[in-house]
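Data block below; observations after.
In my numbering, the protein residues as written are 110 to 308.
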């Protein structure tokens with residue numbers, strides 16, 4: 110029995126093929142649009158006051174990159190400077206930590222002035238945590254920040270140390286010099302002060 114080829118049959122076949130193609134194409138798109146459950150867990154941990162180092166460690170162990178983990182923690186409400194300091198002192202890549210932090214603050218809708226302030230905070234805490242300027246510049250570049258912009262932030266950071274954990278790092282102490290009177294009076298007095306009293 111031959112099937113009669115009609116315009117309706119052709120139309121039905123074409124529609125069926127298009128429907129199947131749309132299903133194949135839309136499946137990965139729907140998967141990509143699904144919220145990452147790790148982000149919800151990070152947000153819950155930040156809200157609960159869980160140690161930031163532990164949150165990042167768990168996120169990285171769960172398959173997130175260091176940059177993405179840092180970004181997620183900051184976007185969940187953690188202080189950018191605190192996150193940067195903790196992550197770098199926990200031996201995560203300073204470059205990736207800075208990248209994640211800057212990516213997070215760049216999505217906060219800050220004004221240009223406030224964004225520059227945030228960059229200075231990130232640069233300052235990164236320096237205090239042991240990062241070098243090259244690592245900071247590289248991380249900022251990966252986050253889409255021009256070298257001259259982050260270089261300015263580093264210069265500002267060196268002028269004004271940012272508070273970490275509510276504590277401002279003191280300026281390095283200057284060299285101390287002891288005054289010794291070679292004639293004997295001062296030297297003898299200091300020696301007596303340093304040694305047990307003898308009659």
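The beta carbon of each residue, even a glycine, is placed where N, CA and C say it ideally should be. Quantities reported herein were computed from a predicted structural model and do not represent experimental measurements.
Residue from the options with nearest C-alpha to residue i
i	options	result
residue 179	213, 149, 218, 157	213
residue 188	210, 202, 147, 250	210
residue 190	216, 260, 147, 232	232
residue 230	262, 144, 254, 246	262
residue 337	255, 256, 192, 215	Since the displayed the chain opens at 110 and closes at 308, residue 337 lies outside it and no answer follows.
residue 202	186, 185, 176, 250	176
residue 158	264, 146, 185	185
residue 240	255, 265, 207	207
residue 204	265, 252, 163, 257	252
residue 168	246, 155, 147	147
residue 170	247, 151, 155	151
Local Cβ density within 10 Å of residue i, reported as buried at 16 or more and exposed below that
i	result
residue 217	exposed
residue 268	exposed
residue 160	exposed
residue 243	exposed
residue 149	exposed
residue 249	buried
residue 145	exposed
residue 279	No answer about residue 279 holds up, because its pLDDT of 41 lies below 50 and its placement is not dependable.
residue 291	The pLDDT assigned to residue 291 is 38, lower than 50, so where the model puts this residue is not dependable; a value taken from the coordinates is nonetheless given after this. Exposed.
residue 259	buried
residue 163	exposed
Limits of the unbroken alpha helix (DSSP H) element including residue i
i	result
residue 219	Premise fails: residue 219 is in no alpha helix (DSSP H) and is neither H nor E.
residue 193	189-198
residue 169	161-170
residue 247	242-251
residue 269	Taken as a continuous stretch (DSSP letters only), residue 269 belongs to no alpha helix (DSSP H), as it is neither H nor E.
residue 146	146-157
residue 254	Segment: none, residue 254 is in no alpha helix (DSSP H) and carries neither H nor E.
residue 185	Counting along the chain, residue 185 falls outside any alpha helix (DSSP H), and DSSP gives it neither H nor E.
Residue i: CB within 7 Å of a non-hydrogen atom of the ligand NAD
i	result
residue 221	In the structure on display, the ligand NAD does not appear, and there are no ligands present to speak of.
Q. Is the number of C-beta pairs between the stretch 193-204 and the stretch 213-226 that are closer than 8 Å three or more?
A. no
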